[in-house]
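Below is one structure, written out as structure tokens; comments come after it.
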Amino acid sequence: MAHLIVECSDLVAQSLSLTELCDQLAAAMVECAIFPVAGIRVRAYQPVACAIADLDPHNGFIAMTMVVGHGRTKAELAAAGDTVFARAKASLGAWLADGYFALSLEIREIDPDLTWKANTIRPRLLAQTGKKD
Amino acid sequence: MAHLIVECSDLVAQSLSLTELCDQLAAAMVECAIFPVAGIRVRAYQPVACAIADLDPHNGFIAMTMVVGHGRTKAELAAAGDTVFARAKASLGAWLADGYFALSLEIREIDPDLTWKANTIRPRLLAQTGKKD
Amino acid sequence: MAHLIVECSDLVAQSLSLTELCDQLAAAMVECAIFPVAGIRVRAYQPVACAIADLDPHNGFIAMTMVVGHGRTKAELAAAGDTVFARAKASLGAWLADGYFALSLEIREIDPDLTWKANTIRPRLLAQTGKKD
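Residue numbers (our numbering), protein chains in the order written: chain A, 580 to 712; chain B, 580 to 712; chain C, 580 to 712.
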């Protein structure tokens, strides 16, 4: 189970396709090879109001929070974060070239005793591909 | 204090009433009998973009995050999660019957040293009902 | 790095300017003097559906979650929370005067091994002000 929540301020959202960004980040998560495809859920949100840094109206941010199930080592998660963050940077080059952008990623692990899931995508993928993800 | 954040992808949101779902989940939280009614805050969000699992356009998800104050045992929280998750499954039977849905719940505890609250609903309920919740 | 996520139910959002509230809370964070200005990102969200406490239609809430990088003491964070929460209370006096409001703040620290950032606002501010923030 790997969730990726992408919060994106207005100017940044207007400058790109959030659907494409979600697709690119999901592809990066698949490449990490530690997150089963069936459990990947990338989603983006736009706040209704913001106050960023020195309040310059050109400022923008993308804040990513990856929430993952227990069971991977810290080294595996660090490598996965490197991969996803590199993909985000590649997609946001125009914003990173200027002095008005804050990009961040955090990974947070779910308490293994306090997690519940019901996933019907997994058995469908297994039936379609003949392999466990 | 018990927050429940319900993230719901578009197709799922179109297939049901999120207000009714919030009401049902809030009722389940009340039934748990460990969360004072005055502190229950269920809210739902719809992302502006998503990338789910194998990107099949039929895919949908609901991701629930319960955020609770310190002071309950892990067994109490596990039982509460069972109750809330069962209620969600009962409300989402149509989605669970097919191969395109991922439902999840996580409970996260707030650091007891880093929490602040001001709740005016509690004294109103106490005055109305004559009993502490 | 200091994020502040402000979730605000509909009636509360209709009664004030969320942009002004974000500005006030960002100013409070600056006053804390432990969060570099370049890393402050306050943002507000309105849920699409809610179920609050006893479901009285007058009920409202604001739930604030501050997410900060590692490296401050718990006493520093507690003092910062006091400052931000006091500012929120000052901005929400009308709501706090009645029996239908739940205000909360939580601070959560990011795992120092699982955090990534790229901030181009910091060098711009440094160049403009000549001082490190």
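Yeah, the Cβ is synthetic: ideal placement off N, Cα and C, and Gly gets one too.
No experiment lies behind these values; they were computed from the predicted model shown.
Apart from the 5 residues on each side of it in sequence, C/Ile700 sits with its Cβ closer than 6 Å to the Cβ of Ala617 in its chain, given in chain order. Listed along chain B, no residue sits closer than 7 Å to C/Asn698 by beta-carbon distance, the nearest being about 24 Å off.
DSSP places A/Gly672 in the helix class (H, G or I) of the three-state scheme. The stretch 667 to 682 of chain C makes no contact with the stretch 669 to 680 of chain B; the number of CB pairs closer than 8 Å stays below 3. As a beta-bridge residue in DSSP terms, B/Leu583 pairs with B/Val621, B/Met645.
Distances from the CA of C/Trp695 to each of A/Pro615, A/Val621, A/Leu656, A/Ala612 were compared; the closest alpha carbon is that of A/Leu656.
The continuous stretches of beta strand (DSSP E) do not include B/Thr652, and DSSP gives it neither H nor E. Within chain A, no residue has its CB atom less than 7 Å from the CB of C/His649, the nearest being about 11 Å off. Proximity of the stretch 594 to 601 of chain B to the stretch 588 to 599 of chain A falls short of the contact definition, fewer than three beta-carbon pairs being nearer than 8 Å. Minimum Cα-Cα distance from A/Met643 among the listed residues A/Leu634, A/Ile686, A/Met580 corresponds to A/Ile686. The criterion of a C-beta distance shorter than 9 Å is not satisfied by C/Asp602 and C/Pro626.
By the Cβ neighbour-count rule, C/Gly650 is exposed, with fewer than 16 other Cβ atoms within 10 Å of its own.
Considering only beta carbons, the part of the stretch 670 to 698 of chain A lying closer than 9 Å to chain C consists of Leu671, Trp674, Leu675, Ala676, Asp677, Gly678, Tyr679, Phe680, Ala681, Leu682, Ser683, Leu684, Glu685, Ile686, Arg687, Glu688, in chain order.
Note that the C-beta distance between C/Ala581 and C/Met645 is below 9 Å.
Using a Cβ distance threshold of 9 Å, A/Ala612 and B/Ala630 do not count as a contacting pair. A distance below 6 Å between beta-carbons, with the five flanking residues on each side excluded, links C/Ala607 to the following residues of its chain, in chain order: Thr662, Val663, Arg666. DSSP lists C/Ala681 as the beta-bridge partner residues of B/Asn698. Residue environment for B/Ala673: exposed (fewer than 16 other C-beta atoms within 10 angstroms of its C-beta). Cβ neighbours of C/Val609 within its own chain (closer than 8 Å, five residues either side excluded): Val616, Ile619. The distance from the Cβ of A/Ala623 to that of A/Val647 is about 18 Å, inconsistent with a contact at the 8 Å cut-off.
9 Å or more divides the Cβ of C/Ala632 from the Cβ of B/Leu600.
For B/Glu610, no Cβ of chain A is located within less than 9 Å of the residue's own Cβ.
Under a 10 Å Cβ-count criterion, C/Ala706 is classified as exposed, with fewer than 16 other Cβ atoms of the shown protein chains found around its own Cβ.
Around the beta carbon of B/Ala654, a 10 Å sphere encloses fewer than 16 other beta carbons of the protein chains shown; the residue is thus reported as exposed. The beta carbon of A/Leu634 sits no closer than 9 Å to any beta carbon of chain B. Each of C/Phe614, C/Ile641, C/Leu684 was checked against the Cα of B/Ile689, and the nearest Cα belongs to C/Leu684. When the Cα atoms are used, A/Thr652 and C/Leu682 turn out to be separated by approximately 37 Å. Here C/Gly660 carries a helix assignment [DSSP, helix/strand/coil].
Assigned with DSSP and collapsed to three states, A/Ala628 falls in strand. At a cut-off of 9 Å between C-beta atoms, A/Asp661 counts as an interface residue with respect to chain C.
With a cutoff of 9 Å on beta-carbon distance, B/Gly660 and A/Leu693 are scored as near each other. Here C/Gly639 is buried, its C-beta having at least 16 other C-beta atoms within 10 Å.
Where A/Val591 is concerned, the enclosing alpha helix (DSSP H) starts and stops at 589 to 593. It is roughly 16 Å from the alpha-carbon of A/Ile641 to the alpha-carbon of A/Leu634.
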